[in-house]
Amino acid sequence: MTKIYTIILFFLISLSGYSQKISGKITDLEGKPIPFANIYIKELATGTTSNIDGEYYMDLAKGTWNLHYRYLGYQTKEVVVNMTENDLNMDVALAPQTYQLKEVKVLASGEDPAYYVMRKAIAMGDYYTKQVSEYNNMVYLKGSGKVTSVPRLFKKKLAEEGITEGKTFVTENISKIHFELPDKVKEEVISIRSSGLGEQADPMQFITANLYNTKDDGFISPLDKTAFAVYRFELESVFEDQGRMINKIKVTPKRKGKDLFRGYINIAENYWNIHSADLKLNLPMTDVHMHQLYAPVKEEIWMPVSFDFNIQFKGMGFGLEGMYVASIKDYQITLNPDLDHDYLKKLDISKKQEEAQVAELGNQESKVLSVKEQKRKQEIQTLLEKDDMSNSEMRKLARLMEKDTEKPKKEKVREPLEIKIEKVKMAKDAKDKDSLYWAEMRPIPLSEDEKISFEKKDSMEIVRNSPEYKDSVRIANRKFKFNHLLFGKTYKYKESNSNFTTPGLLSFDKVSYNTVQGFTFNAPFRYTKSDTLGHLFTLSPEFTYAFSRKHLDYSLSTYYRYNGLKRSYIGFGLGSKAVDFNGKTGIDPLLNAMSSLYFKDNYMKLYDKNYINIWHNTDLANGLRLSTSVEYANRKQLYNNNSWYISDPDDNEYTINIPEGVDPLLVQDNKAFSVEAKLEYTPRHRYSIEKGVKRMTWYHNQPTFGLRYKQAIKDVFDSEADYSLLEASIKQQFETGFNDRLSYNVKAGSFLTSDNMHFSDFKHFNTSKPTVMLGGGLNTFRLLDYYQHSTTEDYLEAHLQYESDRLLLKRLPILNNSLAIQERVFANYLTHENKKNYWEVGYGLSQIFLFMDIEVVWSFDGKHHRDTGVKLKFNF
23 MTKIYTIILF FLISLSGYSQ KISGKITDLE GKPIPFANIY IKELATGTTS NIDGEYYMDL
83 AKGTWNLHYR YLGYQTKEVV VNMTENDLNM DVALAPQTYQ LKEVKVLASG EDPAYYVMRK
143 AIAMGDYYTK QVSEYNNMVY LKGSGKVTSV PRLFKKKLAE EGITEGKTFV TENISKIHFE
203 LPDKVKEEVI SIRSSGLGEQ ADPMQFITAN LYNTKDDGFI SPLDKTAFAV YRFELESVFE
263 DQGRMINKIK VTPKRKGKDL FRGYINIAEN YWNIHSADLK LNLPMTDVHM HQLYAPVKEE
323 IWMPVSFDFN IQFKGMGFGL EGMYVASIKD YQITLNPDLD HDYLKKLDIS KKQEEAQVAE
383 LGNQESKVLS VKEQKRKQEI QTLLEKDDMS NSEMRKLARL MEKDTEKPKK EKVREPLEIK
443 IEKVKMAKDA KDKDSLYWAE MRPIPLSEDE KISFEKKDSM EIVRNSPEYK DSVRIANRKF
503 KFNHLLFGKT YKYKESNSNF TTPGLLSFDK VSYNTVQGFT FNAPFRYTKS DTLGHLFTLS
563 PEFTYAFSRK HLDYSLSTYY RYNGLKRSYI GFGLGSKAVD FNGKTGIDPL LNAMSSLYFK
623 DNYMKLYDKN YINIWHNTDL ANGLRLSTSV EYANRKQLYN NNSWYISDPD DNEYTINIPE
683 GVDPLLVQDN KAFSVEAKLE YTPRHRYSIE KGVKRMTWYH NQPTFGLRYK QAIKDVFDSE
743 ADYSLLEASI KQQFETGFND RLSYNVKAGS FLTSDNMHFS DFKHFNTSKP TVMLGGGLNT
803 FRLLDYYQHS TTEDYLEAHL QYESDRLLLK RLPILNNSLA IQERVFANYL THENKKNYWE
863 VGYGLSQIFL FMDIEVVWSF DGKHHRDTGV KLKFNF
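So for the sequence shown, this note's numbering puts the first residue at 23; every next one is plus one.
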């Protein structure tokens, strides 16, 4: 009997918890659908969002509920529904928002009242950023898009991947989110699926979007403390929503740029929190239009409940239309216990004219405040109540609020070196949910195009999950085909976590030209194998055939990472190569081929190197890295074997294969045995650990100190070279402002001995003679000839560069429209025995058409002007 009663009780409980469905369509008064409108139930801290056709549905338990239907530009409509045991259809028409002009005190300056609103909102930003210390919610995110245009050259290839014009792709997921101040996020993906292009929808980049601080994303928010320098604000109107008066502020950039918003931001009167936002971004080749809608999820706490982003990309013949929409519900909020929230309470009480309660509230302080704290809180309250706040007062209030929201620090805690990678927890069956599950759990209905997209994907999945199809894919990844011989191929072996890459005979990027070898064809092969313990093995044979020399060069290099946490590698190499005398920073082979064939300027000078080496790298401690190597090389002189060219506009003659001004004895045959050791140290270099491998952050603001020693030893394996070099260096780059960066690099070296040296042993500098540059950056001397300033004497080189979004020319009207362009100024300095006090300064524009830079450079010998040049730099 007990078992029967238990079953009956469980059945009754199940019935009482059963949810009915409310659904319908949200339109304007003319019957046109309103896409992505929000439906929110404050009592349940939950809601949903309509789809692109205005359709919505949600589960709702029996009872009486107040539903708020909202979207930007429309009046919020509150509907009381009484849910019974039956599903309910509720179509809702929203009326346009009723706007009215705000009665304001016109200041003598004639300033728009929007500035008064924005000063209060900016000053309160730090409080609202930290108002909630912790929350949980559920997020549904859907991303969909379609390719609108494809260049003819890529149509066939993309069609093979299932990408065609007009085809819709959809990705959706449902996730649990847990957030803690300052930026700790845990995400558990409950379910996820995609109709194509992978399952990459990650809600956190949308859910944690914070309009109070967008600088980490490369944008200046209208609520940033520097906003008045780059934005104009205009109070267009006010409207009422959910008991608060809302200021509709028009946001207009004072300049054009990829880092600025335009559109509208709505701010609640007296509370100065974000109510909603309708903003646009104009990025290179991409336009983004985003809407954010906030709702009161708890008393005096407004949180985002829906987002939608529309994205349009057009560039290089491609066109793409994309959309992301997020619906957030089931908020569980923890108010930050370390903050004083009385400001909002007092504002609310004052608004209701309950002065007696204000006095009573003031007598209920739970903690004894110091005189300094009492003074600060009084200053904050005075400024908040001020009707004509100036910019300086706004900044003062912001500082006071920031100070007031700081946690008391018992002792200074240093930031941990390890950057913990917050892993997204994936439920075991997250990718296995069927269409019935999604029909039940999806809060935003699919559009017809999205339904078709998933139907096609589901039918394809049946085929792809069959053993026969999987076997065919595995065979295709390994099976040789004739076109692999022509275009190259990477063969993948997932079972052993390895792959093998081969070159193609028609790989034109492997073809080059120089006067020593004539045309060359390079054929690199590569085999890699890794495991989950951080080990990695790589084997790279490479063959280069020089047609004019009728000579086959070869090399074999291999390395093994035996400790991923210490980044420990041991490597080995041998071969025969034609090598640039300036092997590390010489001219780019492609640029040399172009200058040779079209202008008969053969800048590159080569020698034949037959070598064998072994090397080892490891971390001695965090940020302290030791690199050592031993090499034996037999170096032989080479001569020009080809004088072919395409054009010769200046009637040039090819120069011999000896650098200009260099003693021919320095390039003759020579053998060398050398050892090298290098120490690099970066204080507090942060890192992350993933799959047993330690990865240092590529950008940091700490200096890196270097010390390098190289010794060539005579009479070891017939070595003739005899010299020693000691070099010290320091380099650093750091942010000096928003999108502004300062970089420097200084090196000083001394040849302690230089008894017998080949020209390849000299200290060579990174120089660039031609007008055109391929790559090259901070350490490049723009107007120095190749090889002519190489030295065996003590030397010092220094490089300094400052980059900014707006420095000089971008303030001009024409270039102001160039969204992607950055400006930079730079200076380079070099001095040694044969080149005293050479320096150059320059100004450049970078990212022109996203891949080109242009620079103007002036060089000087001491106080005397030496040369002026223009440089075009291509960054492929």
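Backbone N, C-alpha and C define an ideal beta-carbon position, used for all residues, glycine too.
Q.
Considering Cα atoms alone, identify which of Arg763, Phe873, Tyr150, Asn304 is closest to valine 847.
A. Arg763
Q. Using the rule of at least 16 other Cβ atoms within 10 Å of the residue's Cβ for burial, across every protein chain shown, is arginine 254 buried or exposed?
A. exposed
**Q.** Burial state of tryptophan 720 (16 or more Cβ within 10 Å)
**A.** exposed
Q | For serine 457, the first and last residue of its enclosing alpha helix (DSSP H) | A | 457 to 463
Q.
Could you give the first and the last residue of the continuous alpha helix (DSSP H) run that contains serine 213?
A. Unbroken run through serine 213 is the beta strand (DSSP E), 206 to 216; no alpha helix (DSSP H).
Q: Look at the Cβ atom of threonine 813, then the Cβ atom of lysine 785, and state whether they are nearer than 8 Å.
A: yes
Q) By Cβ distance below 6 Å, which residues in the same chain neighbour alanine 223 in space, the five residues on each side in sequence not counted? A) Note that alanine 223 has pLDDT 49, beneath the 50 cutoff, so the model's placement of it is unreliable and the number below is only indicative. Taken in chain order, the residues that qualify are Leu163, Gly165, Thr193, Asn195.
(Q) In the DSSP output, what is aspartate 744 paired with across the bridge? (A) Asn778
Q | For leucine 818 and threonine 853, believed in contact at Cβ under 8 Å, the rounded distance | A | 5 Å
Q. Alanine 348 bridges to which residues according to DSSP?
A. Leu163, Phe329
**Q.** Close Cβ partners of histidine 510 (< 8 Å) along its chain, the five nearest in sequence each way excluded
**A.** The sequence given here places glycine at residue 510; histidine does not occur at that position. So the list reads Thr523, Thr524, Pro525, Gly526, Ser529, once near-sequence residues are dropped.
Q: Using only alpha-carbon positions, find the residue among Asn585, Asp672, Tyr581, Ile268 that is nearest to leucine 555.
A: Asn585
(Q) I'd like the span of the beta strand (DSSP E) that includes leucine 613, first residue to last. (A) No beta strand (DSSP E) contains leucine 613, which is instead part of the alpha helix (DSSP H) from 611 to 621.
Q. Between proline 546 and the rest of its own chain, which residues show a CB-CB distance below 7 Å, the 5 nearest in sequence each way excluded?
A. Pro525, Ser562, Glu564
Q. For leucine 688 versus histidine 811, is the C-beta distance shorter than 8 Å?
A. no
Q. Just how far apart, CA to CA, sit glycine 344 and serine 469?
A. 14 Å
Q: Pick out the complete beta strand (DSSP E) segments inside the region 689 to 720, 3 residues or longer, and give them in chain order.
A: 692 to 703, 709 to 712, 715 to 718
Q. What is the DSSP secondary structure of isoleucine 196, counted as helix, strand or coil?
A. strand
Q) Can we say the region 317 to 325 touches the region 56 to 71, given the rule of at least three CB pairs closer than 8 Å? A) yes
Q: State the DSSP-derived secondary structure class of histidine 506, mapped to helix, strand or coil.
A: helix
(Q) Spatial neighbours of valine 878 within its chain, please: C-beta separation below 7 Å, excluding the five flanking residues on both sides. (A) Gly864, Tyr865, Val892
Q. Applying the criterion that 16 or more other CB atoms from any shown protein chain within 10 Å of the CB defines a buried residue, is leucine 747 buried or exposed?
A. buried
Q) Does the distance from the C-beta atom of asparagine 679 to that of asparagine 692 stay below 8 Å? A) no
**Q.** Secondary structure of valine 538, DSSP reduced to three states
**A.** coil
Q: Report yes or no: do three or more beta-carbon pairs, one from the region 47 to 56 and one from the region 101 to 116, lie closer than 8 Å?
A: yes
Q: Whole angstroms is fine: what's the gap from histidine 886's alpha carbon to tyrosine 851's?
A: 14 Å
Q: Taking 8 Å as the threshold, find out whether the region 691 to 709 comes into contact with the region 727 to 738 through three or more Cβ pairs.
A: yes
Q | Rounded Cβ spacing between leucine 282 and valine 252 (contact assumed at less than 8 Å) | A | 6 Å
Q: Counting only the same chain and skipping the five closest in sequence on each side, list residues whose C-beta sits under 8 Å from that of lysine 622.
A: Tyr667, Asp670, Asp672, Asn674, Glu675, Tyr676
Q) Hey, asparagine 108 and glutamine 42 are a contact pair by Cβ (cut 8 Å); roughly how many whole angstroms apart? A) 6 Å
Q) Among Glu462, Lys450, Gly95, Ala452, which residue has its Cα nearest to the Cα of serine 298? A) Gly95
Q: Return the bridge partner residues of glutamine 755 from the DSSP annotation.
A: Ser765
(Q) Do aspartate 352 and asparagine 159 have their beta-carbon atoms positioned less than 8 Å apart in this structure? (A) yes
Q.
My output table needs one value for leucine 831: the three-state DSSP class, helix, strand or coil.
A. helix
Q: Identify every residue that forms a DSSP beta bridge with aspartate 300.
A: Tyr286, His313
Q: Please name the residue in Val172, Gly608, Thr512, Gly240 whose C-alpha comes closest to that of glycine 341.
A: Val172
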